[in-house]
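Right, one structure below, let's go through it.
Numbering (my numbering), first residue to last: 252 to 538.
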């Protein structure tokens, strides 16, 4: 639940009518339609994508999902150039982080025998120059890969039992051992709230049973700040890849009307002063 809740709100769903017009994107400086089409096709992994907004949305959402799951996302930059050395087409192929290692100026991708058998290829070690890898790390401001893995591990442990086994055994024997299920649920909720404090995860709670409405809104703002931060982080790393070797395209992607970290900070200040209604905060930071 945590991973799904965290990454799904980062980008709007462009498939809905009118969303693309609400959140337009552009390339700076302006380029030719043919060049923009090449960039859109390079960013997107879906053949039916024709709009820059959709391509960015797809890339950011996919990357965010991987970051919340693995703590790092690796893409191999696949490209072709013409005789003049200009990029004709390119793409970003998502790589599994488990069999990818860096040594000096190269990455090495290990293809184990079981993966090779499934892919109808051979077990091997593939050398990939570092310049052909786009690596995006989970932000250090939110704990980085190491702390994220600890968080995911602990959340999994807490989610395994809705009711402890000893209580289930007692219920099976019609014994009353004085177990308080409400207190158990409250303690679990509060531990998860503490673990995800900086992320602002609401745990899909529809009521303010354990926290005040004010603190619930404060956590909502933290979640929105994370969404804005991660969105900007991914787009910035993608822009860097477009403007370095081997692509050197000389353009930057910009999305318009998406709320920023600065917008969230402004709402936090208003909330602490008591100068804003909760519904107005939600309207300002609407995805």
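We treat Cβ as the ideally placed atom computed from N, Cα and C, and that holds for glycine.
Looking only at 271, 280, 399 and 416, the smallest Cα-Cα distance to residue 490 is reached by 280.
Excluding five sequence positions before and after residue 293, the CB atoms of its chain that fall closer than 6 angstroms to its own CB belong to 341 and 342, given in chain order. Look at the stretch 320-401 and you find these whole runs of alpha helix (DSSP H), each 4 residues long or longer: 364-370. In the DSSP assignment, residue 279 falls within the unbroken beta strand (DSSP E) covering 276-279.
Sixteen is the threshold: when 16 or more other Cβ atoms of the shown chains lie within 10 Å of the Cβ of residue 475, as they do, the residue is buried. Going by DSSP, residue 509 is part of no beta strand (DSSP E) at all; its letter is neither H nor E. Cβ contact annotation for residue 306 (same chain, cutoff 6 angstroms, sequence separation greater than five): 291, 294, 295 and 300, in chain order.
By the Cβ rule, the stretch 373-386 does not count as touching the stretch 398-409, because fewer than three pairs are nearer than 8 angstroms. For the options 422, 515 and 304, the alpha carbon positioned closest to that of residue 506 is the one of 304. Assignment of residue 495 by DSSP, reduced to helix, strand and coil, places it in the coil class. Annotated as proximal: residue 311 and residue 262, with beta-carbon spacing under 8 angstroms. As computed with DSSP, residue 503 is found in a beta bridge with 279.
Taking 8 angstroms as the upper bound for CB-CB distance, residue 358 and residue 379 are in contact here, some 4 angstroms apart. The three-state secondary structure of residue 527, taken from DSSP, is coil. Ranked by Cα distance from residue 504, the first of 373, 473, 484 and 516 is 484. In the pairwise beta carbon analysis, the stretch 314-324 is classified as not touching the stretch 360-378: fewer than three pairs are separated by under 8 angstroms. Here DSSP, grouped into helix, strand and coil, assigns residue 513 to helix. Rounded to whole angstroms, the gap between the alpha carbons of residue 531 and residue 364 is 56 angstroms.
In this chain, residue 269 is not harboured by any alpha helix (DSSP H), its DSSP state being neither H nor E.
Between residue 508 and residue 273, the beta carbon gap of about 6 angstroms places them in contact (Cβ cut-off 8 angstroms).
When the Cα atoms are used, residue 443 and residue 535 turn out to be separated by approximately 27 angstroms.
Around the beta-carbon of residue 257, 16 or more other beta-carbon atoms lie within 10 Å, marking it buried.
The beta carbons of residue 500 and residue 362 sit about 30 angstroms from each other, so the pair does not count as a contact at 8 angstroms. Assignment of residue 293 by DSSP, reduced to helix, strand and coil, places it in the helix class. Here residue 449 has 393, 394, 473 and 477 as same chain residues with Cβ atoms under 8 angstroms from its own Cβ, once five neighbours each way along the sequence are excluded. Taking 8 angstroms as the upper bound for CB-CB distance, residue 418 and residue 440 are not in contact here, some 17 angstroms apart. Counting along the chain, the unbroken alpha helix (DSSP H) around residue 259 starts and ends at 253-259. For residue 484, the three-state secondary structure derived from DSSP is helix. Runs of alpha helix (DSSP H) with 4 or more residues, each lying fully within the stretch 416-451, are found at 416-423 and 432-446, listed in chain order. Closest by C-alpha distance to residue 464, out of 522, 411 and 426, is 522. Taking 8 angstroms as the upper bound for CB-CB distance, residue 516 and residue 480 are not in contact here, some 11 angstroms apart.
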